[in-house]
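Heads up: the sequence lines are chains G and Y, in that order.
Numbering-wise, the first sequence is residues 815 to 918 according to my numbering.
Numbering-wise, the second sequence is residues 815 to 918 according to my numbering.
Beta carbons are placed, not taken as given, at the ideal position from N, Cα and C, and that holds for glycine.
Please read all numbers here as calculations on a predicted model, not as lab measurements.
Here's the structure, in structure tokens; my notes come after.
Protein chains: 2
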Amino acid sequence: MSKETIGDKLRKLREENELPLRKVAALLDIDVAILSKMERGERRLTKEIVQKLAKIYKHDTEELTVLYLSEKVVYEIGNEDLALKALHVAEEQIKYLTKLNKKK
Amino acid sequence: MSKETIGDKLRKLREENELPLRKVAALLDIDVAILSKMERGERRLTKEIVQKLAKIYKHDTEELTVLYLSEKVVYEIGNEDLALKALHVAEEQIKYLTKLNKKK
DNA sequence: CTATTTTTGACAAAAATTGTCAACAGGCGA
DNA sequence: TCGCCTGTTGACAATTTTTGTCAAAAATAG
């Protein structure tokens with residue numbers, strides 16, 4: 815059960831769609847070099863780009879967004895021995911916050 | 815069940831210890847203005863500072879660190895409707911990563 | 001070999017973070 | 001009131017991080 819990064823996944827999707835970096839980069843209006851680096855995890859992705867890519871590749875946007883966000887979280891607190899505890903606390907806070915939002 | 819920020823908590827602890835910003839800032843070797851802003855959430859805390867403060871206030875370091883980390887997470891992905899899903903995926907990844915670390 | 005695609009690194013531009021400082025406001029006791 | 005202490009605020013520069021652009025090199029396909 816090895817973990818695939820979102821970069822790997824995006825590359826796979828691009829290859830499945832047989833699109834060169836050049837074309838996708840044009841659609842995103844960014845430089846090829848940047849897209850190449852994003853796929854290899856050398857440059858950060860943004861939520862907007864991930865979601866545009868999901869559309870381009872006709873792939874589930876939610877799945878990719880979740881993967882993107884979770885990777886961001888791991889990047890922020892990963893390798894901390896307290897990471898799991900922190901995640902649980904964060905979960906509580908988010909539940910609380912979304913409850914608040916519903917009430918408004 | 816309202817949520818207390820780590821800044822609020824740090825301020826409370828400081829007041830309980832009856833220490834002025836001036837003294838604590840000196841111990842941390844930072845400017846008073848910065849510490850003031852950190853307590854009010856206007857400037858970012860760092861893990862290092864949080865842990866130094868825990869020592870100064872003789873308070874559980876782990877508790878404060880977890881609070882610090884969880885706030886960071888919420889800041890990064892909070893208010894996303896996919897936030898909870900992302901947290902669960904992140905949890906899986908972290909469990910996987912820490913398992914790897916143990917094996918080495 | 002040639003053409004296309006991808007990678008890499010250097011560099012500048014832009015943005016975000018951080019540190020420093022001085023002025024200001026409020027409380028409090030002399 | 002005055003002086004002193006504490007905390008707040010905003011402006012500004014310094015620093016660090018992120019981002020965009022480009023060209024050359026490397027890899028791949030035909």
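Counted within 10 angstroms of its Cβ, other Cβ atoms place residue i as buried (16 or more) or exposed
i	result
ALA840 (chain G)	exposed
LYS909 (chain Y)	exposed
LEU914 (chain Y)	exposed
LYS823 (chain Y)	buried
LYS918 (chain G)	Low per-residue confidence applies at LYS918 (chain G): pLDDT is 48, beneath 50, and the placement is therefore not dependable, though the value from the model is reported in the following sentence. So LYS918 (chain G) ends up on the exposed side.
Coil, strand or helix - residue i by DSSP
i	result
ILE848 (chain G)	helix
HIS902 (chain G)	helix
LYS909 (chain Y)	helix
LEU885 (chain G)	The amino acid at residue 885 (chain G) is misidentified as Leu; the sequence shows Glu. DSSP places GLU885 (chain G) in helix when its eight states are reduced to three.
ARG828 (chain G)	helix
LYS823 (chain Y)	helix
THR860 (chain G)	coil
GLU894 (chain G)	coil
GLU876 (chain G)	helix
LYS817 (chain Y)	coil
LEU833 (chain G)	coil
LYS918 (chain G)	Confidence at LYS918 (chain G) is low in this model, with a pLDDT of 48, below 50, so the placement of that residue should be treated as unreliable; the coordinate-derived value is given next. It is coil, neither helix nor strand.
8 Å Cβ shell around residue i - same chain, five flanking residues per side excluded
i	result
ILE780 (chain Y)	With chain Y represented from 815 up to 918, any question about residue 780 (chain Y) goes unanswered, as that position is not in the structure.
ILE848 (chain Y)	ALA839 and ARG857
GLN865 (chain G)	THR875, LEU878 and THR879
GLY821 (chain Y)	MET852, GLU853, ARG854, GLY855 and LEU859
SER884 (chain G)	none
Own chain, CB closer than 6 Å to residue i, minus 5 neighbours either side, in chain order
i	result
ALA897 (chain Y)	ILE891
TYR871 (chain G)	LEU827 and ASN831
ARG825 (chain G)	GLU853
HIS873 (chain G)	LEU827
ALA868 (chain G)	THR875 and LEU878
Spatial neighbours of residue i in its chain, beta-carbon cut-off 7 Å, leaving aside the 5 residues before and after
i	result
TYR882 (chain Y)	ILE820, LEU859, LYS861 and VAL864
Cross-chain neighbours of residue i in chain G, by beta carbon under 9 Å
i	result
LYS855 (chain Y)	Here residue 855 (chain Y) is Gly; the residue named in the question, Lys, does not match the sequence. Chain G residues near GLY855 (chain Y): none, gap ~14 Å exceeds 9 Å.
7 Å Cβ cut-off: residues of chain G touching residue i
i	result
ILE891 (chain Y)	LEU883, LYS886 and VAL887
TYR871 (chain Y)	In chain order: nothing, as chain G lies at least about 18 Å away.
GLN907 (chain Y)	LYS817, SER884 and VAL888
Beta-carbon neighbours of residue i, restricted to chain Y and to distances below 7 Å
i	result
GLU818 (chain G)	The contacting residues do not exist; GLU818 (chain G) stays about 11 Å from chain Y at best.
VAL880 (chain G)	LEU896, LYS899, ALA900 and VAL903
LEU827 (chain G)	By Cβ distance, chain Y contributes nothing, its closest Cβ being about 18 Å from LEU827 (chain G), past 7 Å.
Residues that residue i contacts on chain Y, provided the C-beta gap is smaller than 9 Å
i	result
GLU876 (chain G)	LEU896 and LYS899
LEU859 (chain G)	The premise fails here: LEU859 (chain G) is roughly 14 Å from chain Y at the closest Cβ pair, so nothing lies under 9 Å.
Residue i: contacting residues in chain Y (beta-carbon distance under 8 Å)
i	result
LEU824 (chain G)	Per Cβ cutoff of 8 Å: no residues; LEU824 (chain G) is ~16 Å from chain Y at best.
*Any chance the stretch 894-912 of chain G sits against the stretch 884-894 of chain Y, with 3 or more Cβ pairs inside 8 Å?*
Short answer: they touch.
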